[in-house]
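K.L.:
Got a structure here, written out as structure tokens. Questions coming.
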Amino acid sequence: MLRAEALVVGWSGPATSPIDFSLQAGEIVGLTGPNGVGKSTLLAAFAGRATVFSGCLELQAGLRLAVQTQEVPPVDGLPLSGRDLLGLTGASPEGLPPWLIDRVDLRLDRLSGGQRHYLALWAVLHAPADLVLLDEPTNNLDAAGVRHLTAHLRERAREGCGIVVVSHDAAFVAAACDRVVTLEVRDVD
Amino acid sequence: MSTDLFLIPFLTGLGLAILLPLLGCYLRLRDEWLAALAYSHVSAAGALLALVAGLPPAAGGIAAAALAGAGKRLFAARLSGGAAYALLLLAGWSLAVLLAANQPQAERLGHALFDGQLYFSSSAQLWLVAISVPVALGVLRLLSRHLLLAHTYPDFFRIRGLRAWPTQIGFDLLAALALALATMNLGVMGAFALVFIPPWLAFRRARDWRAGLLRSLLLGLVAYIVAFGVALWLDQPFGPILAVMLVAFGLIVA
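First to last, the protein sequences are chains A and B. Under our numbering, the first residue of the first sequence carries the number 1, and numbering increases by one thereafter. Under our numbering, the first residue of the second sequence carries the number 190, and numbering increases by one thereafter.
Structure (structure tokens):
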């Protein structure tokens, strides 16, 4: 569903070294590498936001995409509940962990940072989509949250969804992903 | 006789007291509450300009606000952080005050617009409100999900192929026209008070978005009905009474 060859992407200028990448339906692929190597930029290019400077990037026509960025939804001071948030993306609360399911009707700005992050992540992960792009999904999550997320990524992939995960959490990537692509530092002339 | 005399103004204001607190919830969501004050001043200036030019003031006010709402998008990239609203507010206020100071007929209307003389509303204004408010509420309902999604998940909104400009321009126009209509009847500050204070109070306690809308609507309606009665009883201009009542509500709750 997604294929890239010798792809170089960036914002105002090239920010990554050339990369070959592919993703099939039902597959989970991790993107890792040191800070500043361009993992999030590559994900933004898959989402059509960052600029492709060279190489080729092909996405299967008609794909429904869902993307989670590292920015937390700005909900402070707004009367938005977890159920409101899930309703906006079309995600179902079914399958939420026990420590969150009874809080889904509370306002998001009354939840802890971890609970809010997981709900915001769930809203994207369970939105009707064929390809899900996740950027550092384990940020702010405790061990129970990471375990639950790992299990549900697998379940989502079994439903046929392709998933790309950017993460610096090596243990999570190893447990959740079918393949791992490590980005190399770009050579600067 | 007196019942008939005050029924038209009451119903005119009632329609606006339903629309403005709901509109204010979405302005607050987008952190654009200053827009209410800006559009009110621009529409007051437009009404005075139309009067001086021999045109119907209401049409001038609505046209000026619509132009400001649609035109704002053209300068959005250069005027971030609410600068567009501050400039519109200052430009509208300056023009309105200068016109009122130099044209006798503009002075009278200027006082009415800034004082908020709802009791002078005519059946033509009631008809305009009766037609516009249901349409505006319908448009707001259509835009609601996109406004919320664009605010919480801007990347998700874009990646799903949803175009931002119809939502943004649609909402800007809706806000501008609603505020123009409200300014013609409730006055500049009366309209602003109904847009700003009910959502501000409602958002503090409401458990979810729907409850926030409902609380805001109820607060706006109660304040409007009480202010209408008090202003009539004390024989005072309506706008300041409504504003002071909402400020008192705000201070008590806050």
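Just so you know, even glycine gets a beta-carbon here, dropped at the ideal spot from N, CA and C.
Just to confirm, are V164(A) and S40(A) a CB contact at a threshold of 7 Å?
P.N.:
Not in contact: V164(A) and S40(A) (Cβ atoms no closer than 7 Å).
K.L.:
Along the region 334-359 of chain B, what residues have a CB closer than 8 Å to any CB found in chain A?
P.N.:
Cβ contacts with chain A: R334, L337, L338, H340, T341, Y342, D344, F345, R347, I348 and R349.
K.L.:
Check the DSSP bridge columns for R267(B) and list the partner residues they point to.
P.N.:
Note: R267(B) sits in no beta bridge, so no partner.
K.L.:
Would you mind working out which of A353(B), A253(B) and D361(B) sits nearest A239(B), comparing C-alpha positions?
P.N.:
Among A353(B), A253(B) and D361(B), the Cα nearest to that of A239(B) is on A253(B).
K.L.:
Are the C-beta atoms of D238(A) and some chain B residue less than 7 Å apart?
P.N.:
With chain A running from 1 to 189 in the structure shown, residue 238(A) is simply not present.
K.L.:
Among A443(B), G418(B), A275(B) and A367(B), which has the Cα closest to the Cα of P210(B)?
P.N.:
For P210(B), the nearest C-alpha among the options comes from A367(B).
K.L.:
Across which residues does DSSP place A272(B) in a beta bridge pair?
P.N.:
DSSP, once it has assigned bridges, lists no residue as partnering A272(B).
K.L.:
Quick one: Cα of M190(B) to Cα of L196(B), how far?
P.N.:
At M190(B), the pLDDT of 45 sits below 50, so the modelled position is not reliable; the number obtained from the coordinates is stated separately. When rounded, the distance between both Cα atoms is 10 Å.
K.L.:
Across which residues does DSSP place I28(A) in a beta bridge pair?
P.N.:
I163(A).
K.L.:
Report the three-state DSSP secondary structure of A15(A) (helix, strand or coil).
P.N.:
A15(A): coil per DSSP, three-state reduction.
K.L.:
In chain E, which residues lie less than 8 Å from V124(A) when you measure between Cβ atoms?
P.N.:
Structure shown: chain E not included; protein chains present are A and B.
K.L.:
Take R83(A) as the anchor and find which of L108(A), A66(A), A176(A) and Q70(A) has the nearest alpha-carbon.
P.N.:
When only C-alpha atoms are compared, the closest one is L108(A).
K.L.:
W316(B) CB to nearest chain A CB: under 7 Å?
P.N.:
So, not an interface residue.
K.L.:
Starting from A47(A), follow the beta strand (DSSP E) in both directions and report where the run begins and ends.
P.N.:
Segment: none, A47(A) is in no beta strand (DSSP E) and carries neither H nor E.
K.L.:
Please identify the residue among L263(B), G202(B) and L375(B) whose C-alpha is closest to the C-alpha of Q357(B).
P.N.:
Checking every option, the nearest Cα to that of Q357(B) belongs to L263(B).
K.L.:
If we cut at 7 Å on Cβ distances, does S81(A) have a partner in chain B?
P.N.:
Interface residue, yes.
K.L.:
Looking at C-alpha atoms only, which residue of A432(B), S311(B), L337(B) and L421(B) is the closest neighbour of F381(B)?
P.N.:
Among A432(B), S311(B), L337(B) and L421(B), the Cα nearest to that of F381(B) belongs to A432(B).
K.L.:
In the DSSP assignment, what are the bridge partners of E5(A)?
P.N.:
Beta-bridge pairing links E5(A) to C56(A).
K.L.:
Expressed to the nearest angstrom, what Euclidean distance is found between the alpha-carbon atoms of A202(A) and G13(A)?
P.N.:
No statement about residue 202(A) is possible, as the shown extent of chain A runs from 1 to 189 and does not include it.
K.L.:
Three-state secondary structure (DSSP) at M190(B)?
P.N.:
The predicted position of M190(B) is uncertain, since its pLDDT is 45 and thus under 50; a value taken from the coordinates is nonetheless stated next. Coil, per DSSP.
K.L.:
Go through the region 92-128 of chain A residue by residue and report every complete run of the beta strand (DSSP E) that reaches 3 residues or more, in order.
P.N.:
Counting only runs of 3 or more, we get nothing.
K.L.:
I believe Q306(B) touches F427(B) by the beta-carbon criterion, under 8 Å. Please report the beta-carbon distance rounded to the nearest angstrom.
P.N.:
Indeed, because the Cβ distance is near 7 Å, the residues count as touching under 8 Å.
K.L.:
Does any CB atom of chain A fall closer than 7 Å to the CB of W398(B)?
P.N.:
Chain A, which has a Cβ nearer than 7 Å to the Cβ of W398(B), makes this yes.
K.L.:
Consult DSSP for G145(A) and reduce its assignment to one of helix, strand or coil.
P.N.:
G145(A): helix per DSSP, three-state reduction.
K.L.:
Closest to P128(A) by CA distance: which of S321(B), P293(B) and F345(B) is it?
P.N.:
For P128(A), the nearest C-alpha among the options comes from F345(B).
K.L.:
Could you confirm whether any beta carbon from chain A is found closer than 7 Å to the beta carbon of G401(B)?
P.N.:
It does: the Cβ of G401(B) has a partner Cβ on chain A nearer than 7 Å.
K.L.:
For D20(A), does the three-state DSSP call read helix, strand or coil?
P.N.:
D20(A) falls in the strand class under three-state DSSP.
K.L.:
How is R186(A) classed by DSSP in three states: helix, strand or coil?
P.N.:
Correct three-state label for R186(A): coil.
K.L.:
So, for G162(A): in the same chain, excluding its five sequence neighbours on each side, which residues have a beta-carbon less than 6 Å away from its beta-carbon?
P.N.:
Cβ within range, chain order: M1, L23, A25, E27 and L131.
K.L.:
Count the other CB atoms, across all protein chains shown, that sit within 10 Å of the CB of W398(B); report buried if there are 16 or more and exposed otherwise.
P.N.:
W398(B) should be labelled buried.
K.L.:
Between P73(A) and chain B, is the shortest Cβ-Cβ distance under 7 Å, so that the two count as touching?
P.N.:
So yes, P73(A) belongs to the interface.
K.L.:
Is L200(B) closer than 7 Å to L383(B) when the C-beta atoms are compared?
P.N.:
Result no, Cβ atoms of L383(B) and L200(B) do not sit closer than 7 Å.
K.L.:
Residues in the same chain with beta-carbon distance under 6 Å from E5(A), minus the five sequence neighbours each way, listed in chain order, please.
P.N.:
Within the same chain, E5(A) has close Cβ partners D20, G55 and C56.
K.L.:
Are the beta-carbon atoms of A234(B) and L194(B) separated by less than 7 Å?
P.N.:
Not in contact: A234(B) and L194(B) (Cβ atoms no closer than 7 Å).
K.L.:
Report the residue from V9(A), A144(A), L125(A) and T16(A) whose alpha carbon sits nearest the alpha carbon of S92(A).
P.N.:
It is L125(A) whose Cα lies nearest to the Cα of S92(A).
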